[in-house]
Every structure is written in C-alpha cells, then in structure tokens.
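This report concerns only the one structure given below.
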Amino acid sequence: VVTGHVIDDYSGEQQSLQRYRITPELAYGVTRYLELGAYLPLATIDRDGAFGVDGVKLRLKFIAPHPREQRWFYGVNFEIGRVVHALDENPYNAELKGIVGFHTNGWTVAFNANIDFKVSGPVSAPASLDLDAKIGHAITDDLALGVETYNEAGALQSLGHFGSGQHSSFVVIDATYRGWGLNLGVGSGYGGNPDRLMLKAIVGVPID
C-alpha cells in the first residue's frame, strides 16, 4: 500500500499503509481438477523494515473443466487457517469460495462469491460475503490485460450495506513465459477501504 489512511477497526490491528505482504503459496495437483495448497507463511515487512510472520493457511480447490480447455469453467475453493491478533481478533477463520467463469473471443470473465466465517475465537463475528470479479482480454496467447474488483457485501444476516464495505479495483497484466505465470496490478481502495494506491504481484513458478 503506497498511499492511504490509518484507521483502526480494533486495538492492536496491523496497518497496511507502506507495508509489504509476502505470501509463499505451495500447490500440489492431486488430480487434473483437484489441488491442495498451503500459504506458508503469511509474512510481512512494515515501514521500518521489520519482518514478521502473521499466520498460515491450508486450502483445497476444485476446478472443472480446466479453465483453458472449455468455454465455461466452475469450481469451489476452501481455506482454513490461523492468524495473529494483528490481522484478526479471532485466530481461526475459514473461507468458502464459489467460482464461475467463461471464455469467448479472447475475453475471460470470472466471478467469485466468498463466504468468510469464524472457526474459533473470543469475538462475535457473523459470516460475511465478498463478491469479486475479473474481466480480461488476451492480446496474445501469453499476454492479457484486465480489471479485477474485490468487494465486501457485508454480514450474511444483514446484507444491503454494500456502499459502506471495503472495496478495491485493479488494472492488471497477466503473462506467461515457459510455464511461469505473472500477474501485476495497480489499484485503489474506495468505500470503507482506507488504502488509496496499492501495488500487487503474483509470480507462479512451475515445479516438475
């Protein structure tokens, strides 16, 4: 997060402003459509250069058919993990993500509906819904430009306060080279999101 505002939702919350988040993700294909994954660890470097470990997560993802093989694809992703108090007042949380998308004439459109819920912790936290989407257009077989958006819809028991949630949108470049994958994005937060200018990068490294 390059620029933004400092807002505390609770005492001791970790601020994202001028902080680097680094998340190594290991993934293993169990079958053609089923994948195991682990975020080991959720790491961070603050504005003073101090390095910290904020938690770990495990995930299971099913996608069918493979996104590059047919026009429509769909799937589900489940994550569960433990994080430090600075990231969440409740240490154990989970997410269930529904995935659907399609390809047509070089365009890819994908949509996620995410339900986040507490597994264990001292603070009451109703399950909440996030709605995310991506639209991309292939310039070549290995290069695409697109837009990604991430949006809090609020607690499931009281949906309808969409404008007050945290939202962010990114302009992104997706590229592949000899099996490596790269996603670069620049974006901004709005609504209840205090982060104004954000940079992100995802590097995929194949391991045979």
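Count along the sequence shown from 1, then add 1137; that gives the number in the working numbering.
Think of the CB as a built atom: it goes at the ideal place given N, C-alpha and C, for glycine as much as any other residue.
Taking the beta strand (DSSP E) that residue i falls in, what are its first and last residues?
| i | result |
| --- | --- |
| T1160 | From DSSP, T1160 is part of no beta strand (DSSP E); its letter is neither H nor E. |
| I1344 | From DSSP, I1344 is part of no beta strand (DSSP E); its letter is neither H nor E. |
| Y1287 | L1280 to A1292 |
| R1170 | The sequence given here has Tyr at residue 1170, not Arg. No beta strand (DSSP E) contains Y1170, which DSSP labels as neither H nor E. |
| V1138 | That residue, V1138, is in no beta strand (DSSP E); it is neither H nor E in DSSP. |
| S1325 | W1317 to G1328 |
| V1143 | No beta strand (DSSP E) contains V1143, which DSSP labels as neither H nor E. |
| A1270 | S1265 to T1277 |
| F1307 | Q1303 to Y1314 |
If you count every other CB in all the chains shown that lies within 10 Å of the CB of residue i, and 16 or more means buried, which is it?
| i | result |
| --- | --- |
| E1181 | Note on residue identity: the sequence assigns Thr, not Glu, to residue 1181. When all chains shown are included, T1181 counts as buried. |
| N1242 | exposed |
| L1293 | exposed |
| D1311 | buried |
| T1168 | exposed |
| S1305 | buried |
| F1215 | exposed |
| V1220 | buried |
| R1315 | exposed |
| A1281 | buried |
| G1273 | buried |
| A1264 | exposed |
| A1247 | buried |
| T1140 | exposed |
| D1145 | exposed |
| T1277 | exposed |
| V1143 | exposed |
Taking residue i and residue j to be in contact with their CB atoms under 8 Å, please state how far apart those CB atoms are, rounded to whole angstroms.
| i | j | result |
| --- | --- | --- |
| D1253 | N1230 | 7 Å |
| E1285 | V1309 | 6 Å |
| G1218 | V1190 | Incorrect: roughly 12 Å between the Cβ atoms, too far for contact. |
| L1179 | L1163 | So it is not a contact: roughly 13 Å between Cβ atoms. |
| G1283 | G1318 | Incorrect: roughly 14 Å between the Cβ atoms, too far for contact. |
| N1251 | D1279 | Contact doesn't hold; Cβ gap of about 29 Å is too wide. |
| R1196 | G1174 | 4 Å |
| L1296 | L1266 | 7 Å |
| G1166 | H1222 | Their Cβ separation, rounded to whole angstroms, is 35 Å, which puts G1166 and H1222 out of contact at 8 Å. |
Could one say the Cβ of residue i lies closer than 8 Å to chain B's Cβ atoms, at least one of them?
| i | result |
| --- | --- |
| V1138 | Among the chains in the structure shown there is no chain B, since it carries only a single protein chain. |
Tell me the start and end of each unbroken beta strand (DSSP E) in the stretch 1179-1259 that is at least 3 residues and wholly inside, in chain order.
1188-1201, 1209-1220, 1229-1241 and 1244-1257
Contact between the stretch 1206-1221 and the stretch 1230-1249: three or more CB pairs below 8 Å?
The stretch 1206-1221 and the stretch 1230-1249 touch, with no fewer than 3 CB-CB distances between them shorter than 8 Å.
Touching by the beta-carbon criterion (3+ pairs, under 8 Å), the stretch 1292-1302 and the stretch 1325-1337
yes
Per the contact definition of three or more C-beta pairs closer than 8 Å, is the stretch 1182-1200 in contact with the stretch 1248-1267?
Here the stretch 1248-1267 does not lie against the stretch 1182-1200, with fewer than 3 beta-carbon pairs under 8 Å apart.
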